[in-house]
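A.B. asks: First the structure, then my questions, so here it is.
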């Protein structure tokens with residue numbers, strides 16, 4: 001059964017010692033240091049109960065693969081099957097019955113004050129405090145189809161934010177359409193929901209897809225919705241916080257810099273402005289933070305499973321002997337991937353490489369290995385690269401490909417559609433149809449009982 005809300009998931013994390021409370025005072029300027037410490041240790045989620053703000057701050061709930069699997073109630077053997085089943089069987093949202101928890105507290109007018117929320121400044125040169133984990137709800141003004149996605153919001157004042165939504169993002173497209181149609185553009189930033197809903201926002205789907213149905217499919221149950229307080233949108237009824245806003249369709253302001261998912265700062269530039277119309281939240285509302293910046297952070301783990309599942313879905317139809325796919329969080333999730341497959345004929349591994357290079361993720365590095373290689377074990381990948389690759393034959397470089405978003409190795413001053421890069425493919429499978437040396441391993445070691453090593 002899916003988690004009913006954010007708090008239910010936190011309770012499960014706490015029961016498994018995957019969530020701890022930080023009760024001592026940690027100022028918002030320092031919380032990212034604690035977040036980084038916990039990630040490096042592959043540690044628990046964190047609840048900061050004293051940052052000087054009005055509400056607790058929860059972070060690192062997506063920070064490890066184990067927490068991600070817990071969110072989906074799956075393991076490595078079932079995760080792709082579960083995600084793909086959910087994508088193939090969308091479940092429309094339903095209306096919440098009765099007063100909605102997200103409307104237990106409603107703040108409007110002069111009482112709105114974003115500076116009272118626990119919003120950190122994550123990297124030292126960030127342009128200011130950023131809301132990073134929010135699910136942004138908007139809709140196509142022509143069709144009414146809703147979209148959810150992750151976008152960053154820089155707090156500029158008590159009721160003013162600037163944000164980044166590129167023209168090729170659905171939110172950006174909705175803004176452009178509103179401007180063309182001469183209608184107002186409203187949105188809502190939603191924080192603190194069943195984590196699977198957040199993962200759904202990372203799934204790549206068609207522009208006219210109802211994202212709440214995608215989320216329902218992944219959850220295996222409909223998302224319960226309620227009309228927002230001040231904007232013409234529906235939001236999850238059990239959300240911890242909903243920040244409702246209207247985009248200024250005429251005025252832009254400087255936004256940034258921000259330590260981005262590549263591990264480098266994106267420079268400040270002119271971006272849209274928005275005004276907050278209402279803040280609603282649950283009693284005792286839990287705010288949410290998400291560390292971004294140099295990999296690996298919670299931001300990268302959040303993207304990993306949806307990206308892998310999307311790749312699996314597209315590639316396995318053409319190449320049914322693909323056994324596993326891993327996108328590297330250290331590679332910004334989309335720039336570096338490893339695919340395990342059992343080639344059926346000579347050259348098929350190269351076909352997989354080329355197909356992956358032309359996917360929406362735009363990887364710079366694609367490595368294909370045999371099924372006996374664990375794609376999540378860097379040592380095994382290095383072993384395959386070292387002893388199964390003939391560099392002159394098995395490495396290909398393709399030039400003049402579209403560059404990945406925010407890649408600092410390309411000319412970022414050029415318009416995004418004009419940015420060009422290259423990609424490297426490595427066939428690290430055994431030469432097809434040729435004799436190859438036998439692997440020397442210790443058979444049965446995994447099943448052999450060694451009580452002296454228990455607990456290590």
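In the UniProt record's numbering, the protein residues as written are 1 to 456.
Even glycine gets a Cβ: it sits at the ideal position worked out from N, Cα and C.
Taking Cβ positions, are residue 148 and residue 136 nearer each other than 8 Å?
C.D. replies: Cβ atoms of residue 148 and residue 136: closer than 8 Å.
A.B. asks: Flag this pair as touching only if the stretch 113–133 and the stretch 205–224 have three or more C-beta atom pairs under 8 Å; answer yes or no.
C.D. replies: The stretch 113–133 is not in contact with the stretch 205–224.
A.B. asks: Do residue 300 and residue 338 have their beta-carbon atoms positioned less than 8 Å apart in this structure?
C.D. replies: No.
A.B. asks: Rounded to whole angstroms, what's the CA-CA distance from residue 298 to residue 435? Just pull it up for me.
C.D. replies: Cα to Cα, residue 298 sits roughly 44 Å from residue 435.
A.B. asks: For residue 396, which residues of its own chain have a beta-carbon under 6 Å away from its beta-carbon, when the five flanking residues on both sides are left out?
C.D. replies: Once the five neighbours on either side are set aside, the close Cβ partners of residue 396 are 425.
A.B. asks: Does the stretch 258–268 come close enough to the stretch 4–11 to have 3 or more Cβ pairs within less than 8 Å?
C.D. replies: Taking 8 Å as the limit for Cβ pairs, the verdict is that the stretch 4–11 does not touch the stretch 258–268.
A.B. asks: Please determine if the stretch 26–44 and the stretch 314–323 are in contact, where contact requires at least 3 C-beta pairs separated by less than 8 Å.
C.D. replies: With the cut-off at 8 Å, the stretch 26–44 and the stretch 314–323 do not touch.
A.B. asks: Give me the Cβ distance between residue 365 and residue 331, rounded to the nearest whole Å; I'm assuming they're in contact under 8 Å.
C.D. replies: Confirmed, Cβ separation roughly 7 Å.
A.B. asks: Rank 207, 109, 249, 293 by C-alpha distance to the C-alpha of residue 489 and give the top, closest one.
C.D. replies: Outside the displayed range of the chain (1 to 456) lies residue 489, so it cannot be described from this structure.
A.B. asks: Taking the alpha helix (DSSP H) that residue 394 falls in, what are its first and last residues?
C.D. replies: 391–394 is the span of the alpha helix (DSSP H), which, as asked, contains residue 394.
A.B. asks: If I'm right that residue 399 touches residue 422 with Cβ under 8 Å, what's the distance once you round it to whole angstroms?
C.D. replies: Contact holds; Cβ gap of about 5 Å.
A.B. asks: Tell me, which residues are paired with residue 281 by DSSP?
C.D. replies: Answer is 105, 241.
A.B. asks: What is the DSSP secondary structure of residue 176, counted as helix, strand or coil?
C.D. replies: Helix at residue 176.
A.B. asks: Quick one: grab the DSSP three-state call for residue 122.
C.D. replies: Here residue 122 sits in coil by DSSP.
A.B. asks: Distance, Cα to Cα, residue 353 vs residue 105?
C.D. replies: Their backbone Cα atoms lie some 52 Å apart in a straight line.
A.B. asks: For a quick check, are the C-beta atoms of residue 202 and residue 302 less than 8 Å apart?
C.D. replies: Yes.
A.B. asks: In whole angstroms, give me the CA-to-CA distance for residue 418 and residue 46.
C.D. replies: Each residue's alpha carbon lies about 41 Å from the other.
A.B. asks: Between residue 93 and residue 213, how many whole angstroms is the CB-CB distance? I'm expecting something under 8 Å.
C.D. replies: Yes, they are in contact, since the Cβ atoms of residue 93 and residue 213 sit about 7 Å apart, within 8 Å.
A.B. asks: Determine the closest residue to residue 462 out of 260, 241, 231, with distance taken between C-alpha atoms.
C.D. replies: Nothing about residue 462 can be read from this structure; the chain reaches only from 1 to 456.
A.B. asks: Along the chain, where does the beta strand (DSSP E) that runs through residue 305 open and close?
C.D. replies: Unbroken run through residue 305 is the alpha helix (DSSP H), 298–318; no beta strand (DSSP E).
A.B. asks: Tell me which same chain residues have a C-beta within less than 7 Å of the C-beta of residue 454, skipping the five on either side of it?
C.D. replies: Contacts found: none.
A.B. asks: Give the single residue among 28, 210, 273, 12 whose Cα lies nearest to the Cα of residue 185.
C.D. replies: It is 273 whose Cα lies nearest to the Cα of residue 185.
A.B. asks: First and last residue of the beta strand (DSSP E) that includes residue 325?
C.D. replies: Residues 322–327.
A.B. asks: Sort out for me which residues DSSP pairs residue 288 with in a bridge.
C.D. replies: Answer is 58.
A.B. asks: Quick one: Cα of residue 251 to Cα of residue 118, how far?
C.D. replies: Approximately 27 Å between the Cα atoms of the pair.
A.B. asks: What are the start and end residues of the alpha helix (DSSP H) that includes residue 216?
C.D. replies: Counting along the chain, the alpha helix (DSSP H) containing residue 216 begins and ends at 211–219.
A.B. asks: Can you round the beta-carbon distance between residue 228 and residue 108 to whole angstroms, since I take them to be within the 8 Å contact cut?
C.D. replies: Incorrect: roughly 12 Å between the Cβ atoms, too far for contact.
A.B. asks: Am I right that residue 55 and residue 285 are in contact with their C-beta atoms under 8 Å? What's the rounded C-beta distance?
C.D. replies: About 5 Å; that satisfies the 8 Å criterion.
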